[in-house]
Amino acid sequence: MQTLNANRVRATPAGLQARSRARVCRVQAAKDGKTVVIGLAADSGCGKSTFMRRMTSIFGGSAKPPAGGNPDSNTLISDMTTVICLDDYHCLDRKGRAEKGVTALAPEAQNFDLMYEQVKAMKEGKAADKPIYNHVTGALDAPEKIESPNILVIEGLHPFYDERVRDLLDFKVYLDISDEIKFAWKIQRDMAERGHSLDSIKKSIEARKPDFDAYIDPQKKHADMIIQVLPTQLVPDDEGKILRVRLIQKEGKKLFDPVYLFDEGSTISWIPCGRKLTCSFPGIKFYYGPDTWYGEDVSVLEMDGQFDKLEELIYVESHLSNTSAKFYGEITQQMLKNSSFPGSNNGTGLLQTIIGLKVREVYERITEKEVVPVS
Amino acid sequence: PEPAAVETAIKEAEDKCASGTSGECAAAWDNVEEISAAISHKKVADAANSDPLEQFCDDNPDADECRVYDD
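As given, the protein sequences belong to chains F and D, one line each in that order. So for the first sequence, my numbering puts the first residue at 216; every next one is plus one. So for the second sequence, my numbering puts the first residue at -17; every next one is plus one.
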């Protein structure tokens, strides 16, 4: 509240602007028919929405549901990006799945034909009348009209499952959360909810696991970048509070270059804690090196542990290369801007922010247009 | 969804797993996950809109306490 008032005192009278307008308007590019399509795959409750907020924040403006439409719409629109949730392409609603005995993870519950047609249409610059899956009622609502954006992000369970949809994507990201961490995150999310218990959380994960392993997890071999979240190796930790996070980056792609630490292609283990970076127990450890991922060459950048002071991230950032940042300190600035988001003090926030910058670079390389950085 | 929806869904899942097929059991627990995720997303959205001044200013951008000049 104080910062808001400070902003207002600083203002001088010239032209009164709508409040929302005064805060955005930083992106140059205008829609000219070339739409870049990004896919994000992850299970429910694995931080897709936080990732989305970090990514759209790099392009500026706030992402909002379509004005005046269905209040339960899953779509988020900002100046540059439109994010659609692939649950909207369920062909069975909640009742239908219960009757047929299939989960939302099963391919039988999705309409891949419609998904392909509409993503293709939007990539070609046309609008689409996309259905809305209502997460509150579990029903399929009347469609909403989505205009073709500069950057279309499709997020959900099956963005790379259907080969036709997969081939439309310019950049593919997979959030790979280990079973231990998934369990810990769901406890944090659900334990306080009436009715939930450790037992119900465990049962829900176990019941969904066969379908998850059969249909969702295999998609990760197609991703260009994978964020893996694992338990720490620094200390024994059963609660999943301290994370070891790996960014797996495919080599040899035209549209992006992998980030590296110190020296490209070497294998490096780095503990930055010391005189220049304050770390309390258990500290921070970085790793960088080459590896293979389903038979393809990848580079891995890993961070284990957490920051005490986010500002000191600049010290780490200064040792990373090919981050696609436009100025010194951009990653740190983005992380500070969104410091209230989950994962801001560990590798999830850092590596998600780096992917966001890569998405911007992919967009620039395809459209040959410059996106002005947002402060 | 109301908080009670989770309770109902969990009860249903436990019943389905005791009597129904494994497919019905998995679908019922998947339903629990979907409702839990919807409740948690709503909480995050509500927290983001919790500033009373921001709420007031969204409706009254011309009020003295809300005016922001660009230069």
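All C-beta atoms in this analysis are idealised placements derived from N, C-alpha and C, irrespective of residue type, glycine included.
Taking one beta carbon from each stretch, the stretch 350 to 368 of chain F and the stretch 247 to 261 of chain F have 3 or more pairs nearer than 8 angstroms; the two touch. One finds Arg312, Ala313, Gly316, Val317, Thr318 in chain F with Cβ atoms closer than 7 angstroms to the Cβ of alanine 9/D, taken in chain order.
Residue pairing by DSSP places proline 446/F opposite Leu458/F in a beta bridge. Looking at the backbone, the Cα of threonine 482/F and that of tryptophan 508/F are separated by about 16 angstroms.
Contact residues of the stretch 281 to 310 of chain F toward chain D are Arg309 (C-beta to C-beta distance below 8 angstroms). In the DSSP assignment, glutamate 517/F forms a beta bridge with Arg461/F, Tyr502/F. Residues are counted here when their Cβ sits less than 8 angstroms from a Cβ of chain F; for the stretch 25 to 49 of chain D these are Val26, Asp33, Leu35, Glu36, Cys39, Asp40, Pro43, Asp44, Glu47, Cys48, Arg49, given in chain order. When DSSP states are grouped into helix, strand and coil, tyrosine 376/F belongs to the coil group. For glycine 254/F, no chain D residue has a C-beta closer than 7 angstroms to its own C-beta; the minimum C-beta separation is roughly 20 angstroms. With a cut-off of 8 angstroms on Cβ pairs, the stretch 346 to 356 of chain F is in contact with the stretch 6 to 24 of chain D, counting three or more such pairs.
Threonine 290/F is classed as buried because its beta carbon has at least 16 other beta carbons within 10 Å across all chains shown.
Within chain F, the residues Ser259, Gly260 have their CB atoms less than 7 angstroms from the CB of alanine 19/D, given in chain order.
Contacts with chain F at 8 angstroms (Cβ-Cβ) do not include aspartate -3/D.
Per DSSP, the beta bridge partners of alanine 256/F are Gly371/F, Tyr389/F.
Here DSSP, grouped into helix, strand and coil, assigns serine 415/F to helix. Collapsing the DSSP output to three states places serine 272/F in a helix. Scanning chain D for C-beta atoms nearer than 8 angstroms to the C-beta of histidine 373/F yields nothing, as the closest lies near 14 angstroms away. At a Cβ-Cβ threshold of 8 angstroms, leucine 301/F and isoleucine 369/F count as neighbours. Using a Cβ-Cβ cut-off of 9 angstroms, serine 1/D is close to nothing in chain F; its nearest Cβ partner there is about 13 angstroms away. DSSP places cysteine -1/D inside the alpha helix (DSSP H), whose first and last residues are -14 to 1. Glutamate 323/F has a beta carbon lying at 8 angstroms or more from every beta carbon in chain D. By the Cβ-count criterion, glutamine 567/F is buried, with 16 or more other Cβ atoms from all chains shown falling within 10 Å of its own Cβ. Closest option to serine 277/F, judged by alpha-carbon separation, among Pro286/F, Thr296/F, Asn285/F: Thr296/F. Taking every protein chain shown into account, the CB of aspartate 523/F has fewer than 16 other CB atoms within 10 angstroms, so this residue is exposed. The C-beta of proline 346/F has 16 or more other C-beta atoms within 10 Å across all chains shown, which makes the residue buried. Taking a Cβ-Cβ threshold of 8 angstroms, the residues of chain D close to arginine 423/F are Ala8, Trp11, Asp12, Glu15, in chain order.
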